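Participant: Residue numbers (the numbering used here): 799 to 913.
A single structure is presented below for examination.
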């Protein structure tokens, strides 16, 4: 797994971890360009992470970068960060595959859990 700690003002530290399946999927997707995984604030998508091309994603001042290591940047809204414990794990599954996230075209879906 890849791990990175990120410090920001609303929480002491959040470690972002990618499972081997998530790393493999990111490696398949990165041929399209730099990637952004955005964890929603829970409105329509719950906290489902969506993966976009960095050039096609526009963030606002509410989003905090919690991981930034090529080929992917992970953003979480400030209002959502406190829902997670100290470790945010990004993984992959092939159930209920739908949405606008890039990996859907490969019949995969990123999901997150907090540990």
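Here a beta-carbon is modelled for each residue, glycine too, at the ideal position from N, C-alpha and C.
Values in this document were obtained by computation on a predicted structure and should not be read as measured data.
With three or more beta-carbon pairs closer than 8 Å as the criterion, would you say the region 899–909 touches the region 824–832?
Facilitator: yes
Participant: For residue 890, which of 848, 838, 832, 833 has the nearest alpha-carbon?
Facilitator: 848
Participant: Under the rule that 16 or more other beta-carbon atoms within 10 Å means buried, what is residue 901, buried or exposed?
Facilitator: buried
Participant: State yes or no: is the C-beta of residue 817 within less than 8 Å of the C-beta of residue 885?
Facilitator: Going by C-beta atoms, residue 817 is not nearer than 8 Å to residue 885.
Participant: Less than 6 Å between C-beta atoms, sequence neighbours within five positions excluded: which residues of the same chain meet that for residue 904?
Facilitator: none
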